[in-house]
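>
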Amino acid sequence: MSSSRPDRRRRRGDGGGLERALDVRGQLQEQFFRVDQLQRDVGETVASYAGLLPDRARSTGVVPSWRHLDERAQAAVLDYLGLLDRHDPVEDLDPYQVAAAAADFERGVPTLRSLADDMERFTSSYGAELGRVGEVRARVARRLEEAQQAVAAAEAAWREMTAAGGSFPAADEAVVRARVAGRKLAEVGDRLGPADVDEPAAVVERLAEEARELARELPRRAAAVGNRIPSLATRIDAVVTRSERTSEYMSGLRREFSYESWKDIADAEGQLKDHLEEARGALDRLRRLHAAGDQPGALAALQEVETAVEAASDLVDAPRRRLERLRDVKRDPGALFDRARFVLRDTRLLLRSGPPQPWGGRLDAFARELIALEGLLETTHPDYWALLTRIDRLHEGVDRLVADFRASRAGTAG
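In terms of this note's numbering, the sequence shown is residues 960 to 1373.
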């Protein structure tokens, strides 16, 4: 009865051939493992090099040289797998097949050995250049660690706050934001290069600093609320006292100047009344919350009081300041233009120390604007406020021009 399997009895008579085939197969496998390990390890390093140092990768021979070796390795792997498909397991072959397998294995060994040697020579030739990858990774790792340390500092401040009995939702939310940002950064950190890591790390550090500051500042602010209550009440009373002449100043504006000159503060009295009512109401809430020991609520009410008082304080003096400025320009508009002309002349003298453009063109535009402003005085009821605001913008523009010019000269000198 015939069998498709080799006759093991026939093969036993040629044990030396099988031993030789197994030995050569071992050599082949050893060289294949060298190639496989080098291809994976060096390939990962070269890929990191190309990703982390793209400018250098374009100017050195690292990437194209490795690409050629990698292509050879791909072909060698296919040949190796083909040999195993044809001849392995050798133990199941007849003597003639064993001899053929040994011959094929022997031809494959030098190819793989040569390729592995070339890969090792590649690492020797470009070792210093590829070593930059480790340096870059270390810099990235340090940057990531700095961001995580900032988060750790924020968490430590938050734990210290809670251990002292502080409970502030704003601080809780801030530290959670910092933690989440730090965790997300850690998840993608190994994919970031030196050009990519700074921005997300800075975001994490900013969030961590905000959380740390809140954890430290909110307890201090809460402890000072009791002292702030009487001082805020005094500020409100002071604004009320100053507001007693608001109607007088508004009457002066309405009587002496066109509507265009004060329309933006026409409802100053009504707005001021609203701000003061808001401040008083928030102050009452602040007193109740502070007495009840509600620190977060008291801080929120404190912010409301401060905002309302600040708005009222800004608004209460607006009619007086507006009236004074309008009266000054109405009394002597020429002084306004004389000062502007002096500034333009002084700036033109400064610009002579540098190239004429673009500085001269910008200054000429301001000079034309000043001439145009003179036309505002020719109307029956001049809009003095428009004149003042445009003159102010002109001076601001000249200040920017001078700053730009000096910065340019400093850069040229450097």
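Every residue gets a Cβ at the ideal spot worked out from N, C-alpha and C, and that includes glycine.
Considering only their Cβ atoms, is the gap separating Ala1270 from His1234 smaller than 8 Å?
Mapped onto the sequence shown, residue 1234 falls at position 275. Mapped onto the sequence shown, residue 1270 falls at position 311. The answer is yes: Cβ separation under 8 Å.
> DSSP on Asp1053, reduced to helix/strand/coil?
Within the sequence shown, the letter at position 94 stands for residue 1053. It is coil, neither helix nor strand.
> Alpha carbon to alpha carbon, how far is Ala1009 from Phe992?
Within the sequence shown, residue 1009 is the residue found at index 50, counting from 1. Within the sequence shown, residue 992 is the residue found at index 33, counting from 1. Going from the Cα of Ala1009 to the Cα of Phe992 covers about 25 Å.
> Tell me, to the nearest whole angstrom, how far the beta carbon of Leu1360 is from that of Arg1321; I am working on the premise that it is less than 8 Å.
For this step, residue 1360 is matched to residue 401 along the sequence shown. For this step, residue 1321 is matched to residue 362 along the sequence shown. 5 Å between Cβ atoms; contact.
> For the segment 1020-1039 and the segment 977-995, state whether three or more C-beta atom pairs, one from each stretch, are separated by less than 8 Å.
Yes, the segment 1020-1039 is in contact with the segment 977-995.
> Helix, strand or coil: which one does DSSP assign to Pro965?
Residue mapping note: residue 965 aligns to position 6 of the sequence shown, counting from 1. Per-residue confidence for Pro965 stands at a pLDDT of 45, beneath the threshold of 50, marking its modelled position as unreliable; no derived number is given.
> Which runs of the alpha helix (DSSP H) at least 4 residues long sit entirely within the segment 1003-1068? Give them in chain order.
Taking only runs of at least 4 residues, the alpha helix (DSSP H) segments lying wholly in the segment 1003-1068 are 1013-1018, 1021-1046.
> Keeping to the same chain, check which residues put their C-beta closer than 6 Å to that of Glu1263; ignore five residues upstream and five downstream.
Taking the sequence shown and counting its residues from 1, one reaches residue 1263 at position 304. Closer than 6 Å at Cβ, skipping near neighbours: Ala1241.
> From Ala1160 to Ala1106, what does the alpha carbon distance come to, in whole angstroms?
Indexing the sequence shown from 1 puts residue 1160 at position 201. Indexing the sequence shown from 1 puts residue 1106 at position 147. One C-alpha to the other measures close to 5 Å.
> Using 10 angstroms around the beta-carbon of Val994, count the other beta-carbons present and answer buried if the total reaches 16, otherwise exposed.
For this step, residue 994 is matched to residue 35 along the sequence shown. Val994 should be labelled buried.
> Using DSSP with H/G/I as helix, E/B as strand and the rest coil, what is Ser1190?
In the sequence shown, counting from the first residue as 1, residue 1190 sits at position 231. Ser1190 falls in the helix class under three-state DSSP.
> Grouping DSSP H, G and I as helix and E and B as strand, with all else coil, what is Gly1319?
Residue numbering aside, residue 1319 sits at position 360 when the sequence shown is read from its first letter. DSSP places Gly1319 in helix when its eight states are reduced to three.
> Could you tell me the distance, in whole angstroms, from the CA atom of Arg1214 to the CA atom of Phe1364?
The residue given as residue 1214 occupies position 255 in the sequence shown. The residue given as residue 1364 occupies position 405 in the sequence shown. When rounded, the distance between both Cα atoms is 45 Å.
> DSSP on Glu1203, reduced to helix/strand/coil?
For the purposes of this step, residue 1203 is taken as the residue at position 244 of the sequence shown. It is coil, neither helix nor strand.
> Could you work out which residue in Ala1006, Val1163, Ala1100, Leu1144 is closest to Leu1089 when comparing CA atoms only?
Indexing the sequence shown from 1 puts residue 1089 at position 130. If we check each option's Cα against that of Leu1089, Ala1006 comes out closest.
> In angstroms with no decimal places, state the Cα-to-Cα distance between Gln996 and Ala1087.
Within the sequence shown, the letter at position 37 stands for residue 996. Within the sequence shown, the letter at position 128 stands for residue 1087. Answer to the nearest angstrom: the Cα atoms are 20 Å apart.
> Measuring only the C-alpha atoms, how far is Ala1331 from Leu1346?
Taking the sequence shown and counting its residues from 1, the one referred to as residue 1331 is at position 372. Taking the sequence shown and counting its residues from 1, the one referred to as residue 1346 is at position 387. Cα to Cα, Ala1331 sits roughly 10 Å from Leu1346.
> Under a Cβ-count criterion, where at least 16 other Cβ atoms within 10 Å of its own Cβ denotes burial, should Arg971 be classed as buried or exposed?
Indexing the sequence shown from 1 puts residue 971 at position 12. With a pLDDT of only 45 at Arg971, under 50, the local geometry of the prediction cannot be trusted, and no value is derived from it.
> What residues in its chain sit with their C-beta under 7 Å from that of Arg1349, if we drop five residues either side in the sequence?
The sequence position of residue 1349 within the sequence shown is 390, counting from 1. Leu1332, listed in sequence order.
> In whole angstroms, what is the alpha-carbon distance linking Ala1257 and Thr1338?
Within the sequence shown, numbered from 1, the residue matching residue 1257 stands at position 298. Within the sequence shown, numbered from 1, the residue matching residue 1338 stands at position 379. In a straight line, the C-alpha of Ala1257 is about 54 Å away from that of Thr1338.
> Measuring CB to CB, does Phe1127 end up less than 8 Å from Leu1177?
Here residue 1127 refers to the residue found at position 168 of the sequence shown. Here residue 1177 refers to the residue found at position 218 of the sequence shown. It is a contact, given that the beta carbons lie within the stated cut-off.
> Looking at Val1092 and Thr1004, is the spacing between their C-beta atoms short of 8 Å?
The residue given as residue 1004 occupies position 45 in the sequence shown. The residue given as residue 1092 occupies position 133 in the sequence shown. Yes.
> How would you call Arg1142, buried or exposed, if buried means at least 16 neighbouring beta carbons within 10 angstroms?
Looking up residue 1142 in the sequence shown gives position 183. With fewer than 16 Cβ atoms within 10 Å of its Cβ, Arg1142 is classed as exposed.
> Hey, could you find the ends of the alpha helix (DSSP H) His1234 is sitting in?
Counting from 1 along the sequence shown, the entry for residue 1234 is found at position 275. Counting along the chain, the alpha helix (DSSP H) containing His1234 begins and ends at 1227-1251.
> Assign Phe1444 to buried or exposed, taking buried as 16 or more other Cβ atoms, counted over all protein chains shown, within 10 Å of its Cβ.
Past the edges of the chain, shown from 960 to 1373, lies residue 1444, and the structure says nothing about it.
> With distances taken Cα to Cα, identify the nearest neighbour of Arg1136 among His1046, Leu1173, Ala1267, Glu1207.
Position 177 of the sequence shown, counted from the start, is the residue given in the question as residue 1136. That would be Leu1173, whose Cα lies nearest to the Cα of Arg1136.
> Which same chain residues, not among the five before or five after Thr1121, have their C-beta less than 6 Å away from its C-beta?
Along the sequence shown, read from residue 1 onward, the residue named residue 1121 stands at position 162. Hits under 6 Å: none found.
> Grouping DSSP H, G and I as helix and E and B as strand, with all else coil, what is Gly1152?
In the sequence shown, counting from the first residue as 1, residue 1152 sits at position 193. Coil.
> For Thr1338, which of helix, strand or coil comes out of DSSP?
In the sequence shown, the residue the question calls residue 1338 occupies position 379. DSSP places Thr1338 in coil when its eight states are reduced to three.
> Quick one: what's got a C-beta closer than 8 Å to Met960's C-beta in the same chain, skipping five residues either side?
The residue given as residue 960 occupies position 1 in the sequence shown. With a pLDDT of 38 at Met960, under the threshold of 50, the predicted position of this residue should be treated as unreliable, though the coordinate-derived value follows. For Met960, where only same-chain residues beyond five positions count, there are no Cβ hits under 8 Å.
> Which whole-angstrom value describes the C-beta separation of Pro1278 and Leu1212, a residue pair presumed to lie in contact below a C-beta threshold of 8 Å?
Numbered from 1 along the sequence shown, position 319 holds the residue referred to as residue 1278. Numbered from 1 along the sequence shown, position 253 holds the residue referred to as residue 1212. Right, the Cβ-Cβ distance comes to about 6 Å (below 8 Å), so this counts as a contact.
> What number of angstroms, rounded off, separates the C-alpha of Arg1101 from the C-alpha of Glu1169?
Locating residue 1101 in the sequence shown gives position 142, where the first residue counts as 1. Locating residue 1169 in the sequence shown gives position 210, where the first residue counts as 1. Computed Cα separation, rounded: 22 Å.
> Helix, strand or coil for Leu1117? Go by DSSP, reduced to three states.
Taking the sequence shown and counting its residues from 1, the one referred to as residue 1117 is at position 158. Looking at the sequence provided, one finds Trp at residue 1117 rather than Leu. Three-state result, Trp1117: helix.
> Tell me whether Trp1221 sits in a helix, a strand or coil according to DSSP, three-state version.
For the purposes of this step, residue 1221 is taken as residue 262 along the sequence shown, with counting starting at 1. It is coil, neither helix nor strand.
> Whole angstroms is fine: what's the gap from Asp1444's alpha carbon to Asp1014's?
In this structure the chain extends from 960 to 1373, so residue 1444 is not present and cannot be described.
> If Leu1012 and Val1134 are in contact, beta carbons under 8 Å, what's the gap, nearest whole angstrom?
By one-based count along the sequence shown, residue 1012 stands at place 53. By one-based count along the sequence shown, residue 1134 stands at place 175. In fact, because the Cβ distance is near 36 Å, the residues do not count as touching under 8 Å.
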